[in-house]
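As structure tokens, the structure follows; a few thoughts come after it.
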Amino acid sequence: MPTIGDVAAAAGVSRSTASYALSGKRSVSEEVRRRVNEAVHRLGYTPNAGARALATSQTMVIGLLARFLEDEFAPAMMQYILGVSDTARELGYDTLLVTEADGVRALRRITGSRMVDGVVLLNVAHDDVRLPALREASQPGALVGLPGDCSGLDVFDLDFEEAGRVMVERMHRLGHRELILVSQPEHVAERGGAYMWRLRDAALEQARLRGVRLHAVSGESGQPAIGATLHRLLDDHPSATGLLLNNEAAAAALPSVLHARGLSVPDDLSVIGRYSDEFARTFSLSYSSIESAPDRLGNMAVRHLVRRIESPEGREKPHVVRFLSPELVDRGSTAPPGPRGR
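Each residue of the sequence shown is one higher than the last, beginning at 835 in this note's numbering.
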């Protein structure tokens, strides 16, 4: 296998210069960096991770703590994982995915043994038991999701409150006065999934201000239960003319439910969901939606984390809490109230 010496010879530089060009520990000219990178690709050189860690105290690995929970829709979680891992790879880092149920023990294991240079947390709860261990770690951490206490951490999330307001306001402006909101399973709220009640509570308040009747319910995370729930809700609220979905499983199940009932969107029922554009393509969903942006959130968290890892100054900068403003992607599924509201 080629060595750093081979790379240096092919690039016409010293071994130390080649090492600096790859590690970024010292500045080198763009021309030298280009020649070294070309030699790396031409020779197929891969740095020895163990030797690099000994020499630089860096593993070039980011720890990603995530869990596939039964009461959440797994395909949606995968998009957040890909957002983190794709950006890490782009920046030259590998990703260590940890799905252990005991997140505190897992976090202490990978940080205490210096298996990673930094950590990204998903499935963030309002009172997340992992956060004290992350604050104690010598490595920096970033969260995708808003906890109750953000101190000492960098936090990135969608503005779920504004998302709830936008969904209701869009329907109100079109003339809808009775809506149904389907949220995540109740267990998500009980476990501390604040994004669920943040959107729901903001939507309920906006509906109250606008004189809109909003039926807010929790739905299941898979078929056939969520399909049955959608049928029941449409039966129980025959005068509701709009459906808001903060539940990816409900969005995926809705086309078959509407087909079975002979309803069309938006002629009979207006629909707005909350999911990513990639999710809409995967499940062939033609409903307007608030873009949940898992790729952008993962990208923001990793880039900020890497800046803290690689820059001494970055370690000292104040921690940030940043929200993505909700973007309503119009796919033509909303219109003034149809036959159900007449």
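By construction, the Cβ of each residue, glycine as well, lies at the ideal position given by its N, Cα and C atoms.
Check                                                                                                                    : Outcome
Proximity below 8 Å, CB of THR945 to CB of SER919                                                                        : no
Neighbourhood of GLY1132 by C-beta distance below 7 Å, restricted to the same chain and skipping five residues each side : TYR914, GLY917, VAL918, THR921 and VAL978
Residues near SER1167 in its chain [Cβ-Cβ closer than 8 Å; skip 5 each side]                                             : VAL1099, PRO1100, SER1104, VAL1105, ILE1106, SER1120, TYR1121 and SER1122
As assigned by DSSP and simplified to three states, the class of PHE1117                                                 : coil
Coarse secondary structure for GLY1061, derived from DSSP in three states                                                : helix
Per-residue DSSP class, three states only, for GLU779                                                                    : Residue 779 lies beyond the range of the chain shown here (835 to 1176); nothing can be said about it.
Per-residue DSSP class, three states only, for HIS1225                                                                   : In the structure as shown, the chain begins at 835 and stops at 1176. Residue 1225 is therefore absent and cannot be evaluated.
Assumed close pair VAL841, VAL895 - CB separation to whole angstroms, cut-off 8 Å                                        : Their Cβ separation, rounded to whole angstroms, is 22 Å, which puts VAL841 and VAL895 out of contact at 8 Å.
Whole-angstrom distance between VAL1002 and LEU888, CA atom to CA atom                                                   : For LEU888, the predicted structure reports a pLDDT of 46, less than 50, and the residue's modelled location is therefore unreliable. A value from the coordinates is still provided. Those two C-alpha atoms are separated by around 55 Å.
Residue nearest to ALA843 in terms of C-alpha spacing, selected from ILE1124, VAL870 and ALA1028                         : VAL870
Expected contact under 8 Å - CB spacing of GLY897 and VAL932 to nearest Å                                                : 6 Å
Selection from ARG964, ILE1143 and GLU1082 that minimises the alpha carbon distance to ALA908                            : GLU1082
Residue burial classification, GLU1024 (beta-carbon count within 10 angstroms, cutoff 16)                                : exposed
Own chain residues within Cβ distance below 6 Å of ASN1080, not counting five before or after                            : SER1017, LEU1033 and ARG1108
Sufficient close CB pairs (3 or more, under 8 Å) joining the segment 986-1001 to the segment 1044-1061                   : no
For SER1123: DSSP bridge partner residues                                                                                : GLY1107 and VAL1163
Cβ neighbour criterion (16 or more within 10 Å) applied to PRO1171                                                       : buried
Endpoints, beta strand (DSSP E) assigned at GLU1012                                                                      : 1012-1017
Own chain residues within Cβ distance below 8 Å of VAL1000, not counting five before or after                            : ILE1124, PRO1160 and LEU1162
Local conformation of VAL963 per DSSP, three classes                                                                     : coil
Closest residue to ASP983 among PHE994, VAL958 and GLY998 (Cα-Cα distance)                                               : VAL958
Nearest-angstrom Cα separation, counted from PRO1089 out to GLU1054                                                      : 16 Å
Coil, strand or helix - VAL953 by DSSP                                                                                   : strand
CB of LEU1077 within 8 Å of CB of ALA1037, strictly                                                                      : no
Residue of ALA1114, ILE838 and ARG1066 minimising C-alpha distance to ALA805                                             : What the structure shows of the chain is the stretch from 835 to 1176, and residue 805 is not part of that stretch, so it cannot be assessed.
Reduced DSSP secondary structure (H/G/I, E/B, other) of VAL847                                                           : coil
VAL978, DSSP secondary structure in three states                                                                         : strand
GLY946 in three-state terms, based on DSSP                                                                               : helix
Residue from GLN892, LEU980 and ALA1114 whose Cα sits closest to the Cα of MET949                                        : GLN892
Backbone CA spacing between ARG1011 and ASP1111 [nearest angstrom]                                                       : 28 Å
Where the alpha helix (DSSP H) through LEU877 begins and ends                                                            : 864-877
Cutoff 6 Å; reference PHE1117; Cβ partners in own chain excluding five residues on either side                           : ALA1086
Within 8 Å, strictly: CB atoms of HIS1138 and GLY986                                                                     : no
Where GLY897 sits in the DSSP three-state scheme                                                                         : strand
Bounding residues of the alpha helix (DSSP H) (the contiguous stretch that carries ASP1035)                              : 1028-1044
Cβ-Cβ separation, VAL954 to ALA1135 (assumed contact under 8 Å), whole Å                                                 : 5 Å
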